[in-house]
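Enquirer: Protein chains in written order, with this note's numbering: chain A, 60 to 177; chain B, 23 to 217; chain C, 132 to 231; chain D, 617 to 1098.
(1) Between residue 169/C and chain G, is the shortest Cβ-Cβ distance under 8 angstroms, so that the two count as touching?
(2) How would you call residue 723/D, buried or exposed, if buried means at least 16 neighbouring beta carbons within 10 angstroms?
(3) Which term fits residue 990/D, buried or exposed, when burial requires 16 or more other beta carbons within 10 angstroms of its beta carbon?
(4) Going by the CB atoms, is the gap between residue 667/D and residue 636/D shorter than 8 angstroms?
(5) Going along the chain, which residues of the stretch 734-748 of chain D sit with their C-beta nearer than 7 angstroms to a C-beta in chain B?
(6) Just checking: is the beta-carbon of residue 208/C within a distance shorter than 8 angstroms of some beta-carbon in chain D?
(7) If the cut-off is 8 angstroms on Cβ atoms, which residues from the stretch 118-145 of chain A count as contacting chain B, listed in chain order?
(8) Taking residue 1042/D as the reference, give the member of 896/D, 994/D, 801/D and 757/D with the closest Cα.
(9) Say whether the stretch 913-933 of chain D touches the stretch 1082-1096 of chain D, bearing in mind that this needs 3 or more beta-carbon pairs closer than 8 angstroms, one atom from each stretch.
(10) Just to confirm before moving on: does the CB-CB distance between residue 725/D and residue 774/D stay below 8 angstroms?
(11) Could you confirm whether any beta carbon from chain A is found closer than 8 angstroms to the beta carbon of residue 1098/D?
(12) Short of 9 angstroms Cβ to Cβ, which residues in the stretch 188-209 of chain C face chain A?
(13) Determine the DSSP secondary structure at residue 152/B, reduced to helix, strand or coil.
(14) Go ahead and label residue 1072/D buried or exposed: buried means 16 or more other beta carbons lie within 10 angstroms of its beta carbon, across all protein chains shown.
(15) I'd like to know if residue 158/C contacts chain D, where contact means its C-beta is closer than 8 angstroms to some C-beta of that chain.
(16) Using the three-state DSSP reduction, which class does residue 147/B fall into: helix, strand or coil?
(17) Leaving aside the five residues before and after residue 147/B along the sequence, list all residues of the same chain whose C-beta is less than 7 angstroms from its C-beta, in chain order.
(18) Taking C-beta pairs closer than 7 angstroms, name the residues in chain B that residue 179/C reaches, listed in chain order.
(19) Pull up the DSSP beta-bridge partners for residue 105/A, would you.
(20) In the DSSP assignment, find the unbroken beta strand (DSSP E) run with residue 681/D in it and report its ends.
(21) Residue 887/D and residue 903/D look like a contact to me (Cβ under 8 angstroms); what is the Cβ gap, rounded to whole Å?
(22) Note down the Cα distance separating residue 879/D from residue 77/B, rounded to an integer number of angstroms.
(23) DSSP beta-bridge partners for residue 686/D?
(24) If you pair each beta-carbon of the stretch 143-150 of chain C with each one of the stretch 170-180 of chain C, do three or more pairs fall below 8 angstroms?
(25) Taking Cβ-Cβ distances below 7 angstroms as the criterion, which residues of the stretch 626-658 of chain D are in contact with chain A?
(26) Please report the residue range of the alpha helix (DSSP H) in which residue 167/C lies.
(27) With DSSP as the reference, label residue 773/D as helix, strand or coil.
(28) From the DSSP output, in three-state form, read off residue 937/D for me.
(29) Around the C-beta of residue 632/D, are 16 or more other C-beta atoms found within 10 angstroms, so that it is buried, or is it exposed?
(30) Run the CB neighbour count on residue 79/B, radius 10 Å, all protein chains shown included, and call it buried at 16 or more, exposed below.
(31) Tell me, please, whether the CB atom of residue 148/C is closer than 8 angstroms to any CB atom in chain B?
(32) Check the Cβ of residue 1088/D against every Cβ in chain B and list those closer than 9 angstroms, keeping chain order.
(33) Beta carbons nearer than 7 angstroms to chain B: which residues of the stretch 148-174 of chain A have them?
(34) Please report the distance separating the alpha-carbon of residue 151/B from that of residue 785/D.
(35) Would you call the CB atoms of residue 170/C and residue 193/C closer than 8 angstroms?
(36) For residue 1111/D, tell me which candidate among 940/D, 985/D, 920/D and 732/D has the shortest Cα-Cα distance.
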């Protein structure tokens, strides 16, 4: 009774298989030489600057937090879209209210310059 | 030992093991990754219980977005788990907390065992997709008619969260000349690193 | 076949692990993640009950609870960030300036 | 097509909530365009006055709407009136303090309105799903308001502690709702009440576990004793107007929902009244005992709010219409004189560099006779002295307890009130009879806070002498669906 899931299972197995295979080949058959600049992190050929330890500037988090909240809005749209034809005008007005309330939030963010990238 | 029970046992072991590992970890990045693994295992349990749509939502939205936000914030705050966390709280208080929680769990497990649970699910669980249980259609139908009011309430909750997140996390220079409350301005090292 | 009560017991065990995590962990973010784990355990219990009742209400409610968890996570992390900018520590115990 | 005739989509039911929402939207949109300091406060004031009028006008039209998710009865409307009046007073109370602290951001009034709306949603439904969402809509703005003074470490600590406690309580509440749903097959309290006998016979274990978990969840929210450890730090860390709001409105909302769930939903589970008996005695005594040694008026009011939660829990232990109306009477009275007390504390703390410690009180009576008189009045009301409405509140509560046979509970309650009189009078003694060398820094009044002081003082004394109006109000505010 799991027939419906065999394709997904197969996909997962093949994907992980290929990934592991590649790693396995590069470890065991790869030519190894550890000297000079080869060990530096690759920064498109430029000489690498700074270390991986210095903190990421704080202003990136604002985008991340607001992404989560608007991601939830999109997730509500998905089941609504599935039955929007059956709900008709009632469903449309319902989702309109939902989106308008979040639009107020969006205009608030724009106005307050929360996403300003000075 | 049918396939169904096998999958159940495997995902339970993975879920419980990674949940405990999450707590024990010193490095918060490893904790987040263990929590993601635990959630994926729970999603398998959701699917086994017939909640196909919710299982996928759990992985896409929850493990995919929210826990990635946790990871992002941990990277942002540059936590390596090596901060000095002050002295460990006394062993006695930790032990009592542990025992209290174990008793609490045993109490609830006893409640479940004695409770009467309709065994109707003895029939195959996964193939219920066809009988209209757990598919997107049914959840959506219910969500947008009977749960109309809670649905609109969630948009207000999201608005409150947006305003809250902007207020708390936005950098305001007006704050710098602050009130008498300020006992300590942000330490020098942090200012330099603010970028 | 796996009876529903098995799923309930798993939900309760995860809930217990979350409670232990909240009480014992000393890093704010790990404590926060344990609360999220508890919320998910409650979701699992809801779905298990909804399965045994053959009623879909549990699913709609879990869908709404995921929204609540997301909103809580966003606000909670914003507060943690505000704290971190004021002070460098995330350790919950060191916050004792208000001890009576 | 789906028919919506039976849906009962009637916007009249949620008119006050919509008014609050629209006001919050206007504030948010305008504040995002221009930085006008006083503007949001005026809009919020107008919005709250409109909301108050709408909820009063809604009185006694008992119906349920939105697929049964909203049950708008006198009980809910009474709390709508209480919440809008409370947030109106808190808005006026805090305006001057926020400017002095430099944290008068426009979002403050918007968050206050959204939180009030969440409370109204909580109090006006018999569906556990909507209660949970209303609780979250109430709590999220409060977490942010607690940490509003972002640059102050105390405020940050208050925010994170309140957040962790709140989220922890919501997880327990959700697990409780899951168990109740599992036992009864529905989250609708009315259908649970309908077949409670069948449920408790077949799924007895589940319903009790669910009730216990819900009780733990709300225990945190209402700061009952075993779950009260977060209260002093959060109440003292948060800005004073926010603490005033904390100590009154979320507590009233928590009790509104607890009254609905435990006295209406699970009325037949006898063991619950014994649990509440123990809880209320514990909360009263520990709250009072801890308040004895406080050196700061703000912390003292925090512990006294725990003790008052214990008094109100007497109604939950006793049960029945008499107790519910006594609880509503007490909640209204407590809101009046507690907000008054916090108005005085806010005045004292607005002076730069001053906290509301006992050491700073001497000389208050000498320099500000009226202010110290009002402070003394509020302290007497909190202690439950006869002329004030505080005495009547406790009187009706304990009378209801005695009438239904809870003699010992009433006796312990009275003893606790006597114990509490001691620390309330310490405040009066400090401001009147003690003297200190350094001069008392003068307090600056604004029309808004003077209005709050007058309203609360007149309310405390007036209702003390003529309580019929409030008594009638709380008598008719019983569940319509009992």
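Built from N, CA and C at the ideal position, the CB exists for glycine as well.
Expert: On the basis of the supplied data:
(1) Given the protein chain composition of this structure (A, B, C and D), no chain G is represented.
(2) buried
(3) buried
(4) yes
(5) 737, 745 and 746
(6) no
(7) 118, 119, 120, 121, 123, 124, 125, 126, 127, 128, 130, 131, 132, 134, 135, 137, 138, 139, 141, 142 and 145
(8) 994/D
(9) no
(10) no
(11) Reliability of the predicted coordinates at residue 1098/D is poor, the pLDDT of 46 falling under 50, and no value is obtained from them.
(12) 194, 197, 198, 201, 202, 204, 205, 206, 208 and 209
(13) Residue placement at residue 152/B is poorly supported in this model, since its pLDDT is 45, which falls under 50; the coordinates are not used for a value here.
(14) buried
(15) no
(16) Reliability of the predicted coordinates at residue 147/B is poor, the pLDDT of 45 falling under 50, and no value is obtained from them.
(17) Residue placement at residue 147/B is poorly supported in this model, since its pLDDT is 45, which falls under 50; the coordinates are not used for a value here.
(18) 71
(19) 102/A
(20) 679-681
(21) Going by Cβ atoms, the distance from residue 887/D to residue 903/D rounds to 24 angstroms, so no, they are not a contact pair.
(22) 37 angstroms
(23) 681/D
(24) yes
(25) 641, 644, 645, 648 and 649
(26) 159-184
(27) helix
(28) helix
(29) buried
(30) buried
(31) yes
(32) Under the 9 angstroms cutoff, chain B gives no residues; its nearest Cβ is about 31 angstroms from residue 1088/D.
(33) 150, 153, 156, 157, 160, 161, 163, 164, 167, 168, 171 and 173
(34) Low per-residue confidence applies at residue 151/B: pLDDT is 44, beneath 50, and the placement is therefore not dependable, though the value from the model is reported in the following sentence. So the alpha carbons of these two residues sit roughly 35 angstroms apart.
(35) no
(36) An answer regarding residue 1111/D cannot be provided, because it is not within the stretch 617 to 1098 covered by chain D.
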